[in-house]
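Trainee:
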Amino acid sequence: MPVSPAIRPLTISPAEVFAENLTTHTAREKHFAGRHQLGGWLRVLLFGGGAAGAWWLFSRGLVLPGLGFVAAVWLAFMVLVRWHGRMSYQREHHRLLARLNQDEQDRLAGRLTTFDPGLRYLDAQHPYAADLDVFGAHSLFQLLNRASTRLGHDWLAGWLLKPALTEEVHARQQAVAELAPDVAWAQEWQARARHFPRQQADPREFSVWLARPDFFAGKGWLKPLLLVLPLLVLASLGAWGLGYGFYWLVGVQVLVSVLNGRLVAARHDYAEQATAMRDALRATQAQLALFEDDGRQWQAARLRQLRETLRAASHGAAATRRLGQLATVAGLFRGREHPLGALLLNNLLLWDLHAMWQLERWKRDLGPELTTVLEVQAELEALISLAGWHYANPAYATPELSAQPLEVAAEGLGHPLIFSARRITNDFQTSGYGQTAVITGSNMAGKSTFLRTVGLNMVLALAGGVVCARRLQLSPAQVFTAMRTQDNLAESTSSFYAELKRLKLLLDLSDRRGAAAGKGLHSAETDALPVFYLLDEILKGTNSLDRHRGARALLRQLHQRPAAGLISTHDLELAALEAEWPGQVRNFSFNSTFSDGQIHFDYHLTPGACRAFNASQLMQLMGIEVGD
């Protein structure tokens, strides 16, 4: 019996949700765009009609009715302006929500070119970021990042650059699991901040600037002048309007000009800092207002903790109210954006100095806690990024944390940056110190991709995210890679020497971790997690004899330390180490077959060493004669 089209399936795929949301918000954007356009015409008509009506009444000597009419038109105009502003906000809000859902569709399809690659976070000396495509074009950061603020980007990048310990991973997982199902709430959070695009300034620098000594400290003579001089200016203007007091006006203006001139550097400094931070503060206020909503009771311990941190930082008051006050004070400096307005405001009312005084008054109330408030927002941005990743990939697994040292047990492990519907997955398991999986295989068979698959999923898991696998159990570890060593002409460094330097970093890192463990120090105290290494074609820049001897020596040292990992190689002599070092080295391979003039890859990890290589077949396919 056919199913009625009115009955929706019990489960809807994320792709369908994003497509439906995109259609809905696009329609709502058009609706509010029409109302916004109507509001614009009504403002023109009301202004024109009000002006004509006022002229008609006053031209006939009807002063009191004319004043009443002007007042009524002015009130109606203000109401219309507010309504028009709401229509403008709603139009922009639904445009942003539509864009967010389009972004989600792009991520599902692997279209990542329009997203921030996070190149500013790349460091050639980092243990794994460059080799695993954590940042850059077609990177993990582009796939995960749903943060809208500068500090949110930094916070997420920090999680991807440093593995968390077990307790922290569990806390993030619980928060992400609670946030993930409510995609509407998460997208509302993102859209609110995107109304304020000028957020290039780093909020932490503003917090440091606020911690500087007050400008008004030790200037007790200045505060009375802020009140007296504007009053004298206004009184002199009134007297001049009545026909006398011109010299008083000139004298007072000279005093005001001298004062403004002497304090011009401080005025510019305060204005520059406040103006640069205004949009970031308004974005923070808009997002935290959603999080502080008392109508929602958060269940995850980390989310409850973040809400309590906000309340404590705001001395029991709503953090959004305090931030609103700061944003308002920062907005006082906007008068400087118009040269004529700045001239009039500062010469009549000492406007900049009043704004500076208001900013310092606010700083005394909440200034020291501003960094805490901003960090709460940044952590929520990172959690919402991981929650969005979780929601968009419901088949991905939440990793299980193991107490066994250097355990990685994966079922159906896939590369999160491969978007093919036919993505090949593999099972893999290792546990304990001094374990090395040697992976051999022919060219293009998938050795390097598998190393990145393992590494990227470990990075995801230890950041608190779901992983591209049916199941993954692992223990916290410091991932280290040596995969993309290159020549450096500026440093006169060959690729072989660059690789040696990279391997020296690995030995130094594992040695420090081993020394800490030998002293009985817990990793939580020393941040000395054991090392899980991923080495691709090590020592490829030398001859086979040296390569084999060097690789043996490297593994011998690593097996004496709290380290384990995977090595890919074309060198079958390394596969012989399985028999030489039983229980420490295991062989795996990726294989290919050659038939009908074509090379076929299955990309499946197979126990045992590879015995069939394809270099000669590849050369023949390229038209290079190899011979018998």
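Here the sequence shown stands for residues 663 to 1290, where the numbers follow the working numbering. Think of the CB as a built atom: it goes at the ideal place given N, C-alpha and C, for glycine as much as any other residue.
#1: Applying the 10 Å Cβ sphere with the 16-neighbour rule, what's the burial state of residue 933?
#2: Using the beta-carbon count (16 or more within 10 Å), is residue 709 buried or exposed?
#3: Indicate whether the contact test is met: 3 or more Cβ pairs, each with one atom in the segment 1223 to 1235 and one in the segment 1098 to 1107, closer than 8 Å.
#4: Does the contact criterion of 3 or more C-beta pairs under 8 Å hold for the segment 793 to 812 versus the segment 770 to 785?
#5: Name the two residues that bound the continuous beta strand (DSSP E) containing residue 1249.
#6: Just the C-alpha distance for residue 795 and residue 1145, rounded to the nearest angstrom, thanks.
#7: Within this structure, are the beta carbons of residue 965 and residue 1118 separated by less than 9 Å?
#8: With distances taken from CA atoms, which of 738, 882, 887, 675 is nearest residue 845?
#9: Could I get the ranges of all uninterrupted alpha helix (DSSP H) runs contained in the segment 944 to 1015, with 4 residues as the minimum, in chain order?
#10: Quick one: is residue 982 buried, meaning 16 or more other Cβ sit within 10 Å of its Cβ, or exposed?
#11: Among residues of its own chain, excluding the 5 on either side of residue 1151, which ones have a beta-carbon nearer than 6 Å to its beta-carbon?
#12: Thinking residue 769 and residue 1054 are a contact (beta carbons under 8 Å), I'd like their distance in whole angstroms, please.
#13: How about residue 864 and residue 911: are their beta carbons less than 9 Å apart?
#14: Report the option in 809, 850, 808, 793 whose CA atom is closest to the CA atom of residue 823.
#15: Tell me, to the nearest whole angstrom, how far the beta carbon of residue 876 is from that of residue 1022; I am working on the premise that it is less than 8 Å.
#16: Which residue marks the beginning of the alpha helix (DSSP H) containing residue 1227, and which one marks its end?
#17: Roughly how many angstroms lie between the CA atoms of residue 905 and residue 889, to the nearest whole one?
#18: Grab the span of the alpha helix (DSSP H) containing residue 1046 for me, first residue to last.
#19: Whose C-alpha, out of 1111, 1263, 1268, 1093, is nearest the C-alpha of residue 1193?
#20: So, for residue 835: in the same chain, excluding its five sequence neighbours on each side, which residues have a beta-carbon less than 7 Å away from its beta-carbon?
#21: Touch check for the segment 1008 to 1024 and the segment 965 to 976: three-plus C-beta pairs under 8 Å?
#22: DSSP beta-bridge partners for residue 1103?
#23: Kindly indicate which three-state DSSP category residue 823 falls into: helix, strand or coil?
#24: So what's residue 1089 in DSSP terms, helix, strand or just coil?
#25: Rounded to whole angstroms, what's the CA-CA distance from residue 993 to residue 816? Just pull it up for me.
#26: With C-beta atoms as the reference, is residue 1049 less than 9 Å away from residue 838?
#27: Please state the DSSP three-state secondary structure of residue 1265.
#28: For residue 1071, I'd like the list of residues in its chain whose CB is within less than 6 Å of its CB, leaving aside the five on either flank, ordered along the chain.
Mentor: Straight from the coordinates:
#1: Translated into positions along the sequence shown, residue 933 becomes position 271. Label assigned to residue 933: buried.
#2: Start at 1 with the first residue of the sequence shown, and residue 709 comes out as number 47. By the neighbour-count rule (16 or more Cβ atoms within 10 Å), residue 709 is not buried but exposed.
#3: yes
#4: yes
#5: Position 587 of the sequence shown, counting from 1, holds the residue named residue 1249. Its beta strand (DSSP E) spans residues 1247 to 1252.
#6: Taking the first residue of the sequence shown as position 1, residue 795 is located at position 133. Taking the first residue of the sequence shown as position 1, residue 1145 is located at position 483. Spanning the two alpha carbons is a distance of roughly 11 Å.
#7: By one-based count along the sequence shown, residue 965 stands at place 303. By one-based count along the sequence shown, residue 1118 stands at place 456. Taking 9 Å as the Cβ cut-off, residue 965 and residue 1118 do not qualify as a contacting pair.
#8: What you label residue 845 is simply residue 183 of the sequence shown in a count that begins at 1. The option with the nearest alpha carbon to residue 845 is 675.
#9: 963 to 975, 981 to 993, 1001 to 1011
#10: Counting from 1 along the sequence shown, the entry for residue 982 is found at position 320. Buried is the call here.
#11: Residue numbering aside, residue 1151 sits at position 489 when the sequence shown is read from its first letter. Reliability of the predicted coordinates at residue 1151 is poor, the pLDDT of 42 falling under 50, and the value obtained from them is presented with this limitation in mind. Hits under 6 Å: none found.
#12: Locating residue 769 in the sequence shown gives position 107, where the first residue counts as 1. Locating residue 1054 in the sequence shown gives position 392, where the first residue counts as 1. Confirmed, Cβ separation roughly 7 Å.
#13: Along the sequence shown, read from residue 1 onward, the residue named residue 864 stands at position 202. Along the sequence shown, read from residue 1 onward, the residue named residue 911 stands at position 249. The answer is no: Cβ separation not under 9 Å.
#14: Sequence index remark: in the sequence shown, residue 823 carries index 161 (1-based). The shortest Cα separation from residue 823 among 809, 850, 808, 793 belongs to 793.
#15: The residue labelled residue 876 in the question sits at position 214 within the sequence shown. The residue labelled residue 1022 in the question sits at position 360 within the sequence shown. That pair is a contact at about 5 Å.
#16: In the sequence shown, counting from the first residue as 1, residue 1227 sits at position 565. Taken as a continuous stretch (DSSP letters only), residue 1227 belongs to no alpha helix (DSSP H), being part of the beta strand (DSSP E) at 1225 to 1231.
#17: Here residue 905 refers to the residue found at position 243 when the sequence shown is read from its first residue. Here residue 889 refers to the residue found at position 227 when the sequence shown is read from its first residue. If I take the Cα positions, the gap works out to 25 Å.
#18: Position 384 of the sequence shown holds residue 1046. That run of the alpha helix (DSSP H) goes 1032 to 1054.
#19: Here residue 1193 refers to the residue found at position 531 of the sequence shown. Measuring from the Cα of residue 1193, the nearest candidate turns out to be 1093.
#20: As a position in the sequence shown, residue 835 is number 173, starting the count at 1. Contacts found: 1060, 1126.
#21: no
#22: Taking the sequence shown and counting its residues from 1, the one referred to as residue 1103 is at position 441. Paired residues: 1252.
#23: Stepping through the sequence shown from its first residue, residue 823 is reached at position 161. Correct three-state label for residue 823: helix.
#24: To locate residue 1089, count along the sequence shown from 1; it is residue 427. Residue state, collapsed to three classes: strand.
#25: Along the sequence shown, read from residue 1 onward, the residue named residue 993 stands at position 331. Along the sequence shown, read from residue 1 onward, the residue named residue 816 stands at position 154. Distance between the alpha carbons of residue 993 and residue 816: 26 Å.
#26: The residue given as residue 1049 occupies position 387 in the sequence shown. The residue given as residue 838 occupies position 176 in the sequence shown. Closer than 9 Å, so yes.
#27: The count along the sequence shown starts at 1 and reaches residue 1265 at position 603. Correct three-state label for residue 1265: coil.
#28: Here residue 1071 refers to the residue found at position 409 when the sequence shown is read from its first residue. Cβ within range, chain order: 1091, 1135.
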